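S.K.: The opening position of the sequence shown corresponds to residue 52 in my numbering, with each subsequent residue numbered one higher. The beta carbon of each residue, even a glycine, is placed where N, CA and C say it ideally should be. In this text, all values refer to a predicted model and were calculated from it rather than measured experimentally. Once you've had a glance at the structure underneath, I'll fire off some questions.
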Amino acid sequence: MGNKDYSVGQLMELGACTNCQACADICPAVSAAGDGELSAPFRMKGLKEILKGRTGLFRRILKKQGLSEEAWKHFSDTAFRCTLCGNCQGVCPVGIHLKELWLSLRQDLVHSGFYPKKINRIKENLEGNYNVFGEDNEERADWVEDMADEPEDGYIREKAGVVYFTGCTAAYFPIAQKIPMALAEVMDVSGVDFTLLGEEEWCCGFPMLGAGLMDIFQEFRDHNLRAVKEKGAREMVFACPSCYQMWREYYRPEGIHLFHASQFLIRLVKEGKVPLKELDMTVTYHDPCDLGRGARVYEEPRELIRALPGVKLMELPLNRQDCRCCGGGGNLEMVDAKLTAEIAKAKIDEILSTGAQAVVTSCQQCVRTMITFVKRNRISLEVLDITQLVHRALKR
Ligand code: SF4
Ligand code: SF4
């Protein structure tokens, strides 16, 4: 436990906050919960107290013992009620790296023993089964069996030029399984030499990042890198922006190019490899936090949507770097499902204001969160991943 969870740069940045409240004004958690204690300035104030309470000199002179157990618990609760959307970081005029700070804070809270107990379950699932849901990892690619044209090899090949890393949500959640089915079929029809890793795919590590469990990440990283290298692949494709982010920032594999599905598919379309038919649809696009603000991938998904014959794109009022989170990030649903639903409501209201028939996004977690809200509330709105939209336009 301790201040070692923060870099020197992070500790210095804490003193730079001018308390302008710009981050609080745009925070989806603050506005959905109506609770200023979920804001970045409140969290930084609490963090400063924790850090000071641990500093020997400060403690000796003022006889400070740091926060009481109750205050720790309350502080931890507010720290985990955040979607890690990074919107606060994007608007901070003094450039404080708030999202990274929240990740370090969660790591600190886990080391200090003050964290939502559901995180213990995540850890057990990951350590026991290599996926965040505790499912049998041998079944990771079982969704292939539900495809209309199930390939004999189950898309698991000894060697291939491209590895499609599916991620836990797409592998196990029935709603999200339509995404890998769509992407695999589009790649197949387009003649891409690709493989899945099957049971050799372990969680990418993103849930560990959000749960303050990065101490167990190394084994997963080593395993996944080895599994990809054994396939001899030179490219990897991800439909999940969180897996893509982990591989870009924490794996950095040498000699392997990493693509989000939207980038991979627009390349295939431009090369004339995807046979397309006309659709008649008006859609809007939701930028997933980890793909947009996280990886700055804003244009390729839009280019891809516009490249589909008969599809008209209408922008959301808040788009690109200003796009609001759907509520599904940061493991928030695990600690406060009601708050996730409140944030999703604001998102769906904004989408409905465009009059579009469907919302398209590029993330299995966004799809899952928005579909759950729309179904529960019987709202007439189609929610599609961009891979599903391309699949719908596929000429067979
Ligand atoms: S990451 Fe998003 S939810 Fe969390 S404090 Fe920042 S703006 Fe709010
Ligand atoms: S936007 Fe930056 S400077 Fe303003 S209150 Fe938030 S963290 Fe502090």
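What is the DSSP secondary structure of Phe165, counted as helix, strand or coil?
M.R.: Within the sequence shown, the letter at position 114 stands for residue 165. Phe165 falls in the coil class under three-state DSSP.
S.K.: Considering Cα atoms alone, identify which of Gln296, Gly146 and Pro79 is closest to Leu65.
M.R.: The residue labelled residue 65 in the question sits at position 14 within the sequence shown. Measuring from the Cα of Leu65, the nearest candidate turns out to be Gly146.
S.K.: Touching or not, the stretch 430-441 and the stretch 406-417, by the rule of three or more beta carbon pairs under 8 angstroms?
M.R.: Cβ pair count under 8 angstroms is three or more, so yes.
S.K.: Rounded to a whole number of angstroms, what is the C-alpha to C-alpha distance between Phe268 and Phe93?
M.R.: The residue you call residue 268 lines up with position 217 of the sequence shown. The residue you call residue 93 lines up with position 42 of the sequence shown. Looking at the two C-alpha atoms, the distance is approximately 30 angstroms.
S.K.: For Leu309, write down the residues that DSSP places opposite it in a beta bridge.
M.R.: Within the sequence shown, the letter at position 258 stands for residue 309. DSSP output for Leu309 lists Met287 as bridge partner(s).
S.K.: Exposed or buried, which one is Val81 when buried takes at least 16 other CB atoms within 10 Å?
M.R.: As a first step, residue 81 must be located in the sequence shown, where it is residue number 30. Flag for Val81 reads buried.
S.K.: In terms of DSSP beta bridges, what is Asp436 paired with?
M.R.: Taking the first residue of the sequence shown as 1, we reach residue 436 at position 385. Thr412.
S.K.: Compare the beta carbon distance of Val386 and Pro79 with 8 angstroms and say whether it is the shorter of the two.
M.R.: Taking the sequence shown and counting its residues from 1, the one referred to as residue 386 is at position 335. Taking the sequence shown and counting its residues from 1, the one referred to as residue 79 is at position 28. Cβ distance not < 8 angstroms, so Val386 and Pro79 don't count as in contact.
S.K.: Could you check if Ala80 belongs to the surroundings of ligand 2, using beta carbon to heavy atom distance under 7 angstroms?
M.R.: As a first step, residue 80 must be located in the sequence shown, where it is residue number 29. Flag unset: Cβ of Ala80 not near ligand 2.
S.K.: Out of Lys174, Arg105 and Asp239, state which residue places its alpha-carbon closest to the alpha-carbon of Val195.
M.R.: Reading the sequence shown from its first residue, position 144 is the one you call residue 195. Closest option to Val195, Cα to Cα, is Asp239.
S.K.: Can you tell me where the alpha helix (DSSP H) holding Lys210 begins and where it ends?
M.R.: The sequence position of residue 210 within the sequence shown is 159, counting from 1. Per DSSP, Lys210 belongs to no alpha helix (DSSP H) and is neither H nor E.
S.K.: Can Ser293 and Glu351 be called in contact, C-beta distance under 8 angstroms?
M.R.: On the sequence shown, residue 293 is found 242 positions in, with the first residue counted as 1. On the sequence shown, residue 351 is found 300 positions in, with the first residue counted as 1. No, Cβ-Cβ distance for Ser293 and Glu351 is not below 8 angstroms.
S.K.: Given that a residue counts as buried once 16 or more other Cβ atoms are within 10 Å of its Cβ, and exposed if not, what is Met95?
M.R.: On the sequence shown, residue 95 is found 44 positions in, with the first residue counted as 1. Buried, since its Cβ has 16 or more Cβ neighbours within 10 Å.
S.K.: Do the stretch 209-217 and the stretch 275-288 touch if we need at least three Cβ pairs shorter than 8 angstroms?
M.R.: Taking 8 angstroms as the limit for Cβ pairs, the verdict is that the stretch 275-288 does touch the stretch 209-217.
S.K.: Return the chain-ordered list of same chain residues with a C-beta closer than 7 angstroms to the C-beta of Glu433, the five sequence neighbours on each side being excluded.
M.R.: Here residue 433 refers to the residue found at position 382 when the sequence shown is read from its first residue. The residues are Gln408 and Ala409.
S.K.: Measuring only the C-alpha atoms, how far is Leu102 from Glu151?
M.R.: Counting from one through the sequence shown, the residue named residue 102 turns up at place 51. Counting from one through the sequence shown, the residue named residue 151 turns up at place 100. Roughly 17 angstroms between the two C-alpha positions.
S.K.: Please give the ranges of any alpha helix (DSSP H) in the stretch 191-276, keeping only runs that are unbroken, at least 4 residues long and fully inside the region.
M.R.: DSSP runs (the alpha helix (DSSP H)) wholly in the stretch 191-276: 219-223, 225-240 and 257-262.
S.K.: Report yes if the CB atom of Glu250 is closer than 8 angstroms to the CB atom of Glu300, and no otherwise.
M.R.: Stepping through the sequence shown from its first residue, residue 250 is reached at position 199. Stepping through the sequence shown from its first residue, residue 300 is reached at position 249. Taking 8 angstroms as the Cβ cut-off, Glu250 and Glu300 do not qualify as a contacting pair.
S.K.: Considering just the uninterrupted stretch of the beta strand (DSSP E) at Lys363, what are its terminal residues?
M.R.: Taking the first residue of the sequence shown as 1, we reach residue 363 at position 312. Taken as a continuous stretch (DSSP letters only), the beta strand (DSSP E) holding Lys363 covers Val362 to Met365.
S.K.: Taking the alpha-carbon positions, what's the Ile394 to Ala122 distance?
M.R.: Here residue 394 refers to the residue found at position 343 when the sequence shown is read from its first residue. Here residue 122 refers to the residue found at position 71 when the sequence shown is read from its first residue. Each residue's alpha carbon lies about 26 angstroms from the other.
S.K.: Is Leu149 a contact residue of ligand 3, with contact defined as CB to any heavy atom under 7 angstroms?
M.R.: Ligand 3 is not part of the structure shown, which contains ligand 1 and ligand 2 as its ligands.
S.K.: My output table needs one value for Tyr57: the three-state DSSP class, helix, strand or coil.
M.R.: As a first step, residue 57 is located in the sequence shown; it is residue number 6 there, counting from the start. Of the three classes helix, strand and coil, the one that applies to Tyr57 here is coil, per DSSP.
S.K.: Which residue comes first and which comes last in the alpha helix (DSSP H) that contains Tyr295?
M.R.: As a first step, residue 295 is located in the sequence shown; it is residue number 244 there, counting from the start. Per DSSP, Tyr295 belongs to the alpha helix (DSSP H) from Pro292 to Met297.
S.K.: As a quick exercise: from Leu369, Asn54, Arg447 and Leu383, pick the residue whose alpha carbon is nearest that of Asp159.
M.R.: Position 108 of the sequence shown, counting from 1, holds the residue named residue 159. Comparing Cα positions, the closest option is Asn54.
S.K.: Once the 5 residues before and after Leu234 are set aside, which same chain residues still bring their CB inside 6 angstroms of it?
M.R.: Within the sequence shown, the letter at position 183 stands for residue 234. Once the five neighbours on either side are set aside, the close Cβ partners of Leu234 are Ala290, Ala312 and Thr438.
S.K.: Give me the residue from Val320, Leu319 and Met297 with the minimum Cα distance to Leu309.
M.R.: Counting from 1 along the sequence shown, the entry for residue 309 is found at position 258. Among Val320, Leu319 and Met297, the Cα nearest to that of Leu309 is on Met297.
S.K.: How many angstroms separate the CA atom of Leu327 from the CA atom of Asn176?
M.R.: Numbered from 1 along the sequence shown, position 276 holds the residue referred to as residue 327. Numbered from 1 along the sequence shown, position 125 holds the residue referred to as residue 176. The straight-line gap from Cα to Cα measures roughly 41 angstroms.
S.K.: How is Val348 classed by DSSP in three states: helix, strand or coil?
M.R.: Reading the sequence shown from its first residue, position 297 is the one you call residue 348. If DSSP states are grouped into helix, strand and coil, Val348 belongs with coil.
S.K.: Using a Cβ distance threshold of 8 angstroms, determine whether the stretch 128-147 contacts the stretch 374-389, with at least three qualifying pairs required.
M.R.: The stretch 128-147, when compared against the stretch 374-389, does touch it at the 8 angstroms Cβ threshold.
S.K.: Only counting the same chain, and skipping five residues up and downstream in sequence, which positions put a Cβ closer than 7 angstroms to that of Leu113?
M.R.: On the sequence shown, position 62 is the one that residue 113 refers to. Confidence in Leu113 is poor, its pLDDT being 47 and thus under 50, which makes the residue's placement unreliable; the coordinate value appears in the next sentence. There are no such residues.
S.K.: Regarding Gly137 and ligand 1, is the C-beta to nearest heavy atom distance less than 7 angstroms?
M.R.: Walking along the sequence shown from the start, residue 137 turns up at place 86. Result yes, Cβ under 7 angstroms from ligand 1.
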